[in-house]
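Numbering (full-length UniProt numbering), first residue to last: 1 to 184. Glycine residues also receive a C-beta, built at the ideal position from the N, C-alpha and C atoms.
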């Protein structure tokens with residue numbers, strides 16, 4: 001079987017809850033025809049129950065979820081040219097777990113300040129995440145540094161349409177084939 005993994009890319013849209021990961025991924029998927037998976041759907045029942053009761057997940061809670069996401073990324077990378085997965089990936093160790101065995105995996109860090117994201121969370125309906133948990137998310141967040149060259153920062157302060165356009169431009173720059181002229 002031909003290894004299509006080198007031709008296909010998975011982009012993890014990461015950031016704290018309320019940064020717009022699902023809305024952006026949905027918009028990008030519709031515009032470019034990418035596969036899209038909301039990582040929240042892979043949380044075990046115990047995690048959803050714990051978050052719904054207002055408690056933050058710990059590293060042990062997240063392990064089975066991250067393994068499921070890693071497997072999903074592997075499968076998506078083998079079947080889709082561009083795939084999008086929504087996952088907070090707040091710590092470097094979580095991003096490292098997602099990278100394992102996934103050659104063409106990249107992260108799109110949807111970055112915004114606390115006030116902007118808090119206002120978005122307060123407007124949300126029907127999501128299990130409690131706005132007061134945002135403090136914990138920001139405390140847990142290990143912002144990507146230069147030692148993670150596969151992470152691309154996306155400013156979420158512009159309109160949703162502009163953020164979607166910026167993400168599409170980033171995806172296109174990452175997936176653009178290297179031609180002989182551009183390699184010179």
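The closest CA to that of residue 114, considering only 14, 18, 7, is found on 18. Taking C-beta separations shorter than 8 Å and ignoring five residues to either side along the sequence, the partners of residue 164 in its chain run 24, 27, 28, 31, following chain order. Setting aside the 5 residues that flank it on each side, residue 175 is surrounded in the same chain by 9, 81, 82, each with a C-beta closer than 8 Å to its C-beta; the list follows chain order.
Counting C-beta atoms within 10 angstroms of its own C-beta, residue 77 has 16 or more neighbours from the protein chains shown and is therefore classed as buried. Membership of residue 83 in the beta strand (DSSP E) is indicated by the continuous run 82 to 86. Residue 166 counts as buried, since no fewer than 16 other beta carbons sit within 10 angstroms of its beta carbon.
Contact check for residue 156 against residue 20 passes: the beta carbons are separated by less than 8 Å. Counting only runs of 3 or more residues that sit fully inside the region 74 to 118, the beta strand (DSSP E) segments are 82 to 86, 105 to 111, in chain order.
Contact between residue 100 and residue 70 is confirmed by a C-beta separation of about 6 Å, below the 8 Å threshold.
Scanning the region 8 to 58 for uninterrupted alpha helix (DSSP H) segments of 4 residues or longer gives 21 to 32, 45 to 52, listed from N- to C-terminal end. The DSSP-derived three-state label of residue 142 is coil. Per DSSP, residue 154 is one residue of the beta strand (DSSP E) stretching across 151 to 155.
Restricting attention to 65, 74, 75, 134, the CA atom closest to the CA of residue 87 is found in 65. Of the residues 154, 168, 15, the one whose Cα lies closest to the Cα of residue 91 is 15. Of the candidates 36, 145, 160, 36 places its Cα closest to the Cα of residue 73.
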